[in-house]
Each structure stands twice: as structure tokens, then as C-alpha cells.
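Residue numbers (the numbering used here), protein chains in the order written: chain Y, 353 to 1120; chain Z, 4 to 162; chain E, 44 to 326. Cβ atoms here follow ideal geometry from the backbone N, Cα and C, with glycine treated the same way.
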Amino acid sequence: MADKFNVVGISAHRVDGRGLVTGKPVFVDDLPKHPGLLHVALLTSPHAHARITSIDTRAAEQVEGIALVLDHRNTPHRRYTTAGQGYPEPSPYDSRMFDTKVRWVGDRVAAVAADTLESAERALGLIEVDYEMLDPVLSIDEALADGAPVIHDEDDALDVWDAERNISAHMVASAGDAEKGLAESDVVVEVTTETHYAQHAPLEPHVVSTFLDEQGRLVIVSSTQVPFHVRRIIGRLLDVPVHGIRVIKPRIGGGFGVKQEVLIEDLPSLVTLRTGRPAQMVYTREQEFISSRTRHPMRIRVRLGAKDDGTLHALAMDVLSNTGAYGTHGLTVLSNVGSKTLPLYNKAPHVSFRGDAVYTNLPVGGAYRGYGATQGYFPLETAVDRLAGELGMDALEWRSLNHIREGETSPIFVALGEGREGVEQTITSCELDECIRLGAERIGWSEKRGKREREGSKVHGVGMSVHMQGSGIPMIDMGAATIKMNDDGSFNLLVGATDLGTGSDTILAQIAAEVLAVPLESVIVTSSDTDITPFDVGAYASSTTYVSGMAVQKAAEEVREQILEVAALMLEADPGELELVDERVVAGDDRSVSLANIGIRTLYGVEQQQIGATASFVPELSPPPFLASFCEVAVDESTGRVDVLRYVAAIDCGTAINPKLAEGQLEGAIANGIGFALFEEMIFDAEGHPKTPDFARYKIPGPMDMPELETILVDSYEPTGPMGAKSVSEIGINAPIPTIANAIYDATGVWLTETPFTPERVWRALNG
Amino acid sequence: MRITLRINDNELRAEIAPGATLLETLRANGYTSVKDGCANGDCGTCAVLLDGRAAASCLLFAAQAEGKEITTIEGLAGADEAYHPLQQTMLDAGGVQCGYCIPGMILTASDLLALNPSPTRADIAEYLVGNLCRCTGYVKQIDAIEMAAAILSEGAIDG
Amino acid sequence: MSRPSIAEYHRPSTVEEAWSHVSDGSPSVRILSGGTDLTISAPPDVDTLVDVARCLDHSIEARRDGSIRIGAMTTFTDMLLNDALGSYAAGVMPEMLSDLGNPLLRNISTIGGHLARGKLSDVVPVLVALDAEVVVYQGDEKQMTIQRYYDESVHRSPHLLTEVVLPVAVKRSAAAFLRFARTAFDFPMLNVCCRIDFDGHMVGAARIVCGATPLRSQRASGAESWIREHGLEARAIEAAARRAREEIHTRDGWVASAEYRSHLVEVLTSRCLTEVARRLAAR
């Protein structure tokens, strides 16, 4: 399909590439500092659960260069959620800027603003806090135990499901009768898995700089994925009208969901509002690990029931999610554990989903690439392998028999959405069979599966799993784009969409250039400035290509119509017989006019006008991308070490607007997933103190830790998407855990149900 | 203390705290391409070349770099070229996502290519073991370094 | 969070001058060699740095008798690229150094600074296995085994470590090193270095040294004796590895349990000895 395009489907250089490879100051902390800058530093709780009985900041205030000390006594008490979601946020209002209670090691206690970071840190050390120690709740089981300490005992939190029982959020959904369906099934398998705490670890930590502009408006320059939500949430929290705030996102150094939190914008903002001075706050790497957000650890039980012929008959999923000290994204991540996984096997008439997100005195869960699907696919896809085994079927064959296809639907689409009911959807493109076929071929499935080839103490195995995600949140997300034409036939593309390193500025420009028949260089992108660009919900839920991309396509089409109308006058032709080709408007005969001529005429000639349009897009569907994931492992039975030797990921993401960038999304997601599967792990001591707050102890994959990785973009076209595209960014991260677990079983005959698959854990599993 | 550093063929005289790291000193003096990703020697985003060898600038006191030639990404390309081959191929191969790790990655790669002008993919991975990237999975970055090695060794043969 | 506030930075040009800064053992004074440790983990009470780059040697000298002298300021990269070290004891030094940290650290970390720091290490077990000696300056020079340097806590006393000496190697000698960690760039959860000298047809000296247990290094002397008595046949290696497991003390840590570490002692010792036997046979 891509061959019918000129700019789309080409691996163009990133539009922001020059600045990045030459090291220009493009990230928040690189930008020129405003004179009089205050540095903001944060004091965090050393205790997992305690009440602040007194706080004495007098000594701190005497430190030279201190401008302001903030704590619960002089900051707004309004409850809010740090979740950077649309309004109204489907997360409980259980947070305060500073509370009288601390709920995890790393929770906020006080902040200091000073002329230098050194002064600010010295002052932090002089703040005296008395705590009344409370019993900490350090696991899901402790949280749900009778008589457990109540973590959110405040009386002003909103939308907490059952605070007395430490349940932050609750979700049920069903179709048919799963219990009856399981009873009717010929073969039933049950799997319970536990996944662990992990951190996003973008290489650029959270960083925010604030100042008042010439008119006294608050400007927030932030490494955020959600500039418009930041404007709204900070406005409400600090009592500033939306029109009094401008949020700018420059280049940002990765997000992966952790910057979908309004995590620190409030602090420098309040400092600037109180003092009138510019302020900046940068999380240290340690704070990024301790006082940031994480992937929700979960315990999930999946039960599958099938008929003898292999058809799935019943599917039940029960989830306990640990949302940590606050409920941000707790409900929606919980929902997505089911909503992004259960529709994949739509042949089952009986489906049930039930889940609770519980509070603990551990770090706060948040949005993290994969968003619950990562946790859900582990039990689902390992249960599928077990079921296929019980049925005597090959794992590929079973999946091909049962997965959803083009033209089909699933009752779960309606029953379970983003923290509420979903919307009805029919699959409009699905090339999963082709993904499975190509992936199996490349990994050597039929030659290697079940062979258990040995070399010394190492035994080889291959495993696979299949996946779907979504493309934005239907009927909730909105993206908008503005395009205006310049006098040389170039265009400005203004989008609220937020490029967090993904390359969305580039692919959105490619879509506009394609419609407008100009080279990519003729589209100048400005993104993510709430004063300048139209609204967009931001970068999350795999939405940008599909949602913002459609807005760009629509805006470009409207601009094209305006261009053709002007050209029709110039060429004395009917607009209907005109076409845009290679920067010219061409009539059926030999007559044509260049875009530059149209541009200069409309700005300076007769019938002057600004050619331009703004378009919005709200998706009615969320077309899932599909992925077939394969790997070969070698398990050292003496040490338990699992080496992933080769990894093949074949994806149906619709049209790849920029193939290299699309592959890069998949490769990066798989890499992060492999780290999560094998070694990335936040570990806590018996009092809830983190033991892995740096990259020396929390290991993320380096180049030596990666297998040979092959990605395949399968030819596909999504009819409802821009140029046939759907999403690509998240899906890959879900794959490594079940793919590797299935491969370990293929090699050793042992099922792993707890992550990460560290050598010691595998060794223990192998030794019963 | 007063120190004099040679950075990208320029002389920088600066008054610094004796405990200031090279990373802090470079960033404070406008060399913001040198990133502060962890300040603990674990991530490689602060890499610079010291007399041509890649080094974590967060693990050096600025005073230690006196008398050495410091190169940051701003000083890598020749005066008459837009990009060093490593910068060009990093874009060509699609090795850049957020770009935060890229200056350190490219500088470390240039150290490698000085030691070993035609490295294998495994050699490249081994040399970049201290340069973390959270976005890419390294595939296209290693592609880029292979491509740059080919360009640079061609240039060497052509004289 | 709280970093030391450094007030003084000295660059002595002689060892004597350097010694004058540190001889009284003041906890506020630290010797700075590579910088990779002090930049991030100097105690908050340190206020004076003594940069020894100008007074300590950074060269490697292969002596005619086969011993090798390494100046304390030599970086790990210079050691890794050195031919004499590359062929010493079947190449165990580059084998260990090529996986040590990463190039950004190896290019600046020095052998002297690393040893004086005395923390968990891949280097120390190898040097212990090679019977390496260190030269220490405390007003005058003393040469001692690296084992004594740590056993007698010389590394904690005021001193300047000026050089490392690898002794004359016997003709038929080989060593091997193995480390076990979560990722390629990670602290080891265990490491093992073994060296075997053949004296005619018999095992002359045997060294089996485990590190990161999480102690810095321990010798498995029972296993060493076993190998001296029974040679390097497969069954003898297995028996020696079991002995090593019994005599090497391991501790629980967040990255590995004591039980698992002990298991690794046996597996890695067996593998390491097997590799040494292979290298000896290949000579």
C-alpha cells in the first residue's frame, strides 16, 4: 500500500534530528536560564507510613539565598490527581501538594527554593520534622488483610472506591457466564502470575522551568507528555485561570508514561507565583527512582476453558493491582489489563473480568508503556500455551484458530473501556496471521520447537506470543492540527501532539506533506505550546499517529481544497478537475501553477487571504495493532541464567508512516520488555525503603544485553486511519515476558509465574 | 580555584569550586550537549573525549582535565562540514529517538573507531556497554556506527 | 544527597610532598587518582583533595625476568591494551579487564585508586590469584603481597599505593577468570579466578579465589590443596569445586541469596578450573 505514497512510507530523517545530533540546547535544562533563577529542591519522606506531627523550617529559612520554604502549612489543600488524563480524570482525587501524612518512602514533605541548588539542599537538611510512625502496608495481601492500617483515612479524598479497605479502584465486566462456560469446557487451565515493580527510567529526568512573562502570565516549560492537561490541572490546583498559563514542551528525553504525570510542575509554578522569580526543578536520578511513578505490580489469575476441538469457550481474568500510595492511573491501568487483552480471543462466548487496585505504602503506580496490557499478557499468553499443550495442539495453530480477525468484534469492547464501559468496535484491519507466519519462519519455529537442543549445561527453546493494543481512547481522546500556507508554498503545521522522542513531529509532517504534495522540508512543525498550537490530549494510549494524525490529514485536506479554489481562479478551471502534484496545482491539460505562486498571490495579490485550516479528530474506534513475537532462549540449567539469543517481532501497525521510526518504536519497546522480563526490578527492604535507586543497582538493558533483534513491518492498511496507519508505540513492551516464559518452558519443561526471570529465580524453579 | 580547560580547540578560563565535576563545569559554561543523566557514572550521557578517549565527565573533577584536550559533540564535526559521519549515519540509520543519549553515544563511538576502524557489531555493542539508551533498543545505533566506520575507512583509503 | 564541600585541591609533584598531605591520617583529606570513586562517594567531611596524577607513575614495565611493574596511575584501558599483560598467565588480565565496568570508566579509572578504594572488585581476586604485590609508600617504600595489603588493613591506613608488581611467572602456568552478573555492565554477584602452575608434571601452585561473595576476595585453600594433590582431571575439578563451595563464606544480599552464591561458587569454580586445564593443555 505504501507505494502509492510519496512522502508517507519513507524513512525520512527526523525533522528535529539536526539539533539532536549536533547537541544544540533543546532540552528543558539546556535552555538559557532566566536571571534571578530559583532552584527548587524537595525533601521526601524517609518513612513508608507516618503522620507529620510537626515541622520546623525556621533554621532552613535562615540559610543564605533561601527565598521560600513550602510545606503543608502554606500550600493549597485542594485534593487532586497527578494523573495527566482528560477531564474529568478517571483517577481518584487523593493527592495534595503537601499532606500531613506521608504514604511511601519518597512522598513529599517540604520544598525549598533558593538562589543556588547547594543552598536549597543545605536548607533541606535543616528542616526538622517529627513523625508519628504508622504501621506500613507493604504488599497487596497486607493491604487487604482484616484490620489493615487505612492508608487514605483523610475525609476529603474523592472517588476512592473503598478507602476503609485500602481499595482504590474496582472494575468488573462480563459477557455470557464465565463460571458456567468453564464448567462446560472440556479442558480448563488456570494460571496465576505475579509481576514486579519497575521504573520507566527515561534518561532525562523530570525537569520543569517556570517564569512570568512580560504580562505576568505563568509560563511552564516542562518535560511533559501532556502540556494541555498540565495547564488545566496546575490552573485548578494553584487557582490560576487557564488563560493565565502557558505550557511549552521543548524536546524531551523520553517519557514512556512517567511524564504523563503532573509530577513536579506545581512546585516551581507556585514558587514563581509567590516570588515573581523564575524557578527550576530537576529530579535527581535517585528521586526519579524513589519519588516518581512505576509500573503497577500485579497478581493476575487467568482461567481458560476450551472445547475438545480447541475452540476457546470461556475466559476469566481476576486482577489485584498494587497502585502504591496513590491511585493515579490505578483504575484505567486496571481496566486495560482486560480491555487490551481479552478481545484478542473473541471466540469465547463467556468472558469475565474482575479487578481491584489496592493502596500500599510503596511507590506509586502510574502510566507506563503497555498500561496494564503488559501485566495481563503474561498470564494470558502463558495460559494459552498450556491450554494448547493440554489439547495436543501447536501453540501457533491454537492461536490461529482463536484470535480475532478483520470484520469480527468482541463483547469486551463494549463491556470494558478506559475505567468505564467501552465502545462497540469491529476490527477493520488484522494481519495477525501473516505476522505469525513470517515470525515463525524467521525464528525457525518448526525446526526448533520442542527440540530441547543441548550444549553443555545450556538447553535451547523457542517461544512465542501474540498481542493487540489500541490506537487512542475512542470517544474520549481528541487531537487537533492547524496548517497555514506561506508565500513560498511552504506550510506551518501546528499540533498540540507531544513528541517525546517518538518522532511524532516527523510523521505528522509526513502526513501533511503527503496530502499537500510537497517535500517534507516544506512542512515546518511547531508542537506542544498551549499558546500557539491547537489542543491535543498529548502522548499516551498509543494515540498520536492515529488520532493526531487524522487531525493533520483532515486539516491538510481542508487546506488542499482552499488551494484548489484559488488555483481554479488562477487557471480559470473547475476546482474538481485540479490536482496537487509535486508542489504544483495541475489541470487536466498542460496548465499548472506552483504553490509558491499561489502562496504569494494569496498573501500579497488579489483577493488576499490566509490559506489555512484547523481540524479536530475524535476517534470512534481504537483499531488495534497486532504483534506476533518469537524468541529463542538458552537456559543454563546449572546457574538458571536465561540468554535470549534471537528475537523476532512481526507487527501489523497499518501503514508505517516512517518505517525506520516505526521499527525503532518496536525495537525500543521490546528492549524495555526484555529488561522487565529478565532483570529490571525495584527492590525494597522490610520497611519499604528502596534498595535500587540508581542505574548501578536498577539495571536497564545495555547493548550487550540485547539479543539479535529482527522487526518485521507486515503490509497492512487500516481504512479508518491516516494514510492507513494505526499505532505502534506500546504493543511491543507486552511481548517479552510471555514469549520468554513460553520459550523457557519449551527448553526446560518448567513454567515461570513470577517476574523477573533472574538466574536465581529460574534456578530455584528448575530445582523444584 | 581558577582553571584553564581546552574545549573543542577553545580555551576556557573559569573560576570553579575545587570539588566541581567536569560535567558541572562544562554545563555551567554552555556545553549543554553534555547531559546529566545520572551523575553516578552509570548512564554515559555525560561522555566527553579527553585526549580522544571517551570518559564519563561526571566522574572527573574539572581540575583533572586541565592540560587535556576536551571534545564535546559541538567540536566533533570539522569546521567545514555540517555533520561528522557518525552524526550523519545516526540520522540515516534512524538511531535517534529522543536524542538525549546521542552526544555521549557518538563520542564513545568515535573513541571506538579510533581504536578499531572496522569493528564488528559485537565490538560496537561491547564498547557502548556504558552508554544507555531507553528508546531505541540499540539496533539502529549499531547500524549507524557500522555505516560510519565504512565511510571513515573509505575516506582513509582515498587519502 | 549531601556532597562534600571541597576547599583545597593539591597537585603535589613528588611522592614525598603527597605523603606530607596525607601522613597524619586526617579523614578530611583524600588522595585523588582517577576520580571515578571520589566524585560520587566521598564522605561529606572530606574537604581536601590530593591529586597524585603528577607524582605517581602511569607506565607499565615488562621486566626482563618476566615480572611486570604497573604504575599506580595506569588506567584500566592502558592495562587492557598492554601486550605484556595480555600474554601474562594465559591472558587473564585482559579477560577480566575487558568486562570491567565500561570504556568510559576504564579510560579514567586507575589501578592504584581502585585497589586503595578496597571495595567489591573483579580486579582483586585476579591479583590475589596471581600472587601480585603492591608497593606502598608510608615515608618509605614497602613491597607486600596484595593479600597482606588487605588482610592487615594497610589499605585503610595512611599510605600511597605507588605500584603493582606481577611476579615472575613459571613457564607452565595458566589462569582464567569468570564473573557472574545480571547484565554485561553490572556489579558481579560472584566472581572466580583460578591459577594453576605446573611444576614438571605436577601441579606446583594452585590458586582458587572467589570475590563478590560479597566479600572482596577469599581463597579456597582446601580446594587448592585438593587440586595440588589430585591434579586437573574432571573428577578432581568437581571435588575441588564442592570443597570451594563449603569453605567460601557467602552472604545474603538483595541481588543474590547466600545459598545461590554458594551454588555459584561451585559452578563457577568448576568452570574456571576446567578452562585453566584447557589452557594448560593448549600450551
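| Item | Value |
| --- | --- |
| Residues of chain Y with CB under 9 Å from Phe-230(E), in chain order? | Ala-1048 and Arg-1049 |
| Taking 8 Å as the threshold (C-beta atoms), are Ser-968(Y) and Ala-865(Y) in contact? | no |
| Please determine, among Ser-817(Y), Ser-575(Y), Val-512(Y) and Phe-608(Y), the residue with the shortest C-alpha to C-alpha distance to Gly-682(Y). | Val-512(Y) |
| Rounded to whole angstroms, what is the Cα-Cα separation between His-648(Y) and Ala-263(E)? | 44 Å |
| Use the C-beta contact count for Glu-129(Z): other C-beta atoms within 10 angstroms, 16 or more gives buried, fewer gives exposed. | buried |
| Quick check on Ser-879(Y) - is its C-beta less than 8 Å from some C-beta in chain Z? | no |
| Is the distance from the Cβ of Ile-105(Z) to the Cβ of Val-373(Y) below 8 Å? | yes |
| Using 8 Å as the threshold, is the stretch 1065 to 1085 of chain Y in touch with the stretch 806 to 816 of chain Y, meaning 3 or more CB pairs across them? | no |
| Check each residue of the stretch 132 to 158 of chain Z: if its Cβ is closer than 9 Å to any Cβ of chain E, include it; give the result in chain order. | Val-132, Gly-133, Asn-134 and Leu-135 |
| Against chain E, with Cβ distances strictly below 8 Å, would Ile-1035(Y) count as a contact? | yes |
| For Arg-56(Z) and chain E, any beta-carbon pair shorter than 8 Å? | yes |
| Hey, could you find the ends of the beta strand (DSSP E) Gly-815(Y) is sitting in? | 810 to 820 |
| Leaving out five residues on either side along the sequence, give the residues of the same chain with a beta carbon under 6 Å from the beta carbon of Leu-394(Y). | Ala-463 |
| What residues in the stretch 1073 to 1100 of chain Y have a beta carbon less than 7 Å from any beta carbon of chain Z? | none |
| Please go through the same chain and pick out, in chain order, the residues whose beta-carbon is closer than 6 Å to the beta-carbon of Glu-267(E), but skip the five residues on each side of it. | Ala-249 and Ile-251 |
| Would you list the residues sitting across from Val-573(Y) in a DSSP beta bridge? | Ser-561(Y) and Ile-600(Y) |
| CB-CB under 6 Å to Thr-1105(Y), same chain, minus the five flanking residues each way: which ones, in chain order? | Thr-545 |
| Would Asn-119(Z) be called buried (16 or more neighbouring beta carbons within 10 Å of its own) or exposed? | exposed |
| Under 8 Å by Cβ, that's how I've got Ala-980(Y) and Ile-788(Y) pegged, so tell me the actual separation to the nearest angstrom. | 4 Å |
| Output needed in chain order: residues of the stretch 608 to 622 of chain Y with a Cβ under 8 Å from some Cβ in chain Z. | Phe-608 |
| Indicate whether at least one CB of chain Y lies closer than 8 Å to the CB of Ala-227(E). | yes |
| Taking 8 Å as the CB-CB limit, is Pro-1053(Y) close to chain E? | yes |
| Nearest chain Z C-beta to Pro-87(E) closer than 8 Å, yes or no? | no |
| Spatial neighbours of Thr-858(Y) within its chain, please: C-beta separation below 7 Å, excluding the five flanking residues on both sides. | Ala-364, Arg-366, Val-367, Asn-1010 and Leu-1013 |
| Indicate the three-state DSSP secondary structure (helix, strand or coil) for Lys-185(E) in the structure shown. | strand |
| In this structure, does DSSP put Tyr-999(Y) in helix, strand or coil? | strand |
| Counting only C-beta atoms, is Pro-88(Z) closer than 8 Å to chain E at any point? | no |
| How would you label Val-818(Y), buried or exposed, when you count the other beta carbons within 10 angstroms and need 16 or more for buried? | buried |
| Quick one: using the 10 Å Cβ neighbour count with 16 as the cut-off for buried, is Lys-162(E) buried or exposed? | exposed |
| In chain Z, which residues lie with their C-beta within 8 Å of the C-beta of Asn-234(E)? | Going along chain Z, no residue has its Cβ under 8 Å from Asn-234(E), so there is no contact; the nearest lies around 17 Å. |
| Chain Z partners of Asp-165(E), CB-CB under 8 Å? | Neighbours of Asp-165(E) on chain Z: none; closest Cβ ~14 Å, over 8 Å. |
| Compare the C-beta of Ser-990(Y) with all C-beta atoms of chain E and state if any pair is closer than 8 Å. | yes |
| Between Asn-754(Y), Pro-977(Y) and Thr-761(Y), which has its C-alpha nearest Ser-1079(Y)'s C-alpha? | Pro-977(Y) |
| On a Cα-Cα basis, can you pick out the residue from Arg-794(Y), Thr-761(Y) and Ser-643(Y) that is closest to Ile-781(Y)? | It is Ser, not Ile, that sits at residue 781(Y) in the sequence shown. Comparing Cα-Cα distances from Ser-781(Y) to each of Arg-794(Y), Thr-761(Y) and Ser-643(Y), the minimum goes to Thr-761(Y). |
| Nearest CA to the CA of Ala-1117(Y): which residue from Glu-1032(Y), Glu-1033(Y) and Asp-988(Y)? | Asp-988(Y) |
| So the beta strand (DSSP E) Met-633(Y) belongs to, where does it begin and stop? | 631 to 634 |
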